[in-house]
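With our numbering, the residue at position 37 of the sequence shown is 1212, and numbering never jumps. The beta carbon of each residue, even a glycine, is placed where N, CA and C say it ideally should be.
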Amino acid sequence: MADELTVAHCTQRLADQLQTLSEVAEAITFRLLELEERLAAQELRLEPLLEGHADGQGLLADETELRLDDTEDRLARLEGLLNGIGNQGVGRHLRPVVAPQLAHPQESLQDSFLDDSLAEQPFLDEEEQPFLDELSA
């Protein structure tokens, strides 16, 4: 008998919980529908503004693309001048990558010579600068 009361009690409790869950789901559904309606109304209000902004963005995007192309060309020319390469208009990303050791063996020898000479004299003969306190005294 006690088992039957417990089963009946648990069944009733489960039914109550399912009813409450159903009511919560219904409330959430109604709230979601309200929010969707508000969103649709806001989108209708913003649509003319977005269309006007998109036209302006198209012009800005074209101008930006032209500026980026010009900048890339200038950078390629500067790199060519710095590297001594006459390929103007070709960006660095379009040239093959060459390992630094294989590209200029003479430069690597000169770099090591410079590093050795700096290692022998780590500090240059410079006069010591006075501190600000010493200057004001």
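- A direct Cα-to-Cα measurement between residue 1210 and residue 1204 gives close to 10 Å.
- Under the three-state reduction of DSSP output, residue 1309 falls in the helix class.
- If you draw a 10 Å sphere on the C-beta of residue 1251, you find 16 or more other C-beta atoms in it, and that means buried.
- In this structure, DSSP gives residue 1259 a state outside helix and strand, which the three-state scheme calls coil.
- When secondary structure is reduced to three states using DSSP, residue 1222 falls in the helix class.
- Annotation: residue 1227 to residue 1221 spans about 10 Å, alpha carbon to alpha carbon.
- The C-alpha of residue 1184 lies about 17 Å from the C-alpha of residue 1195.
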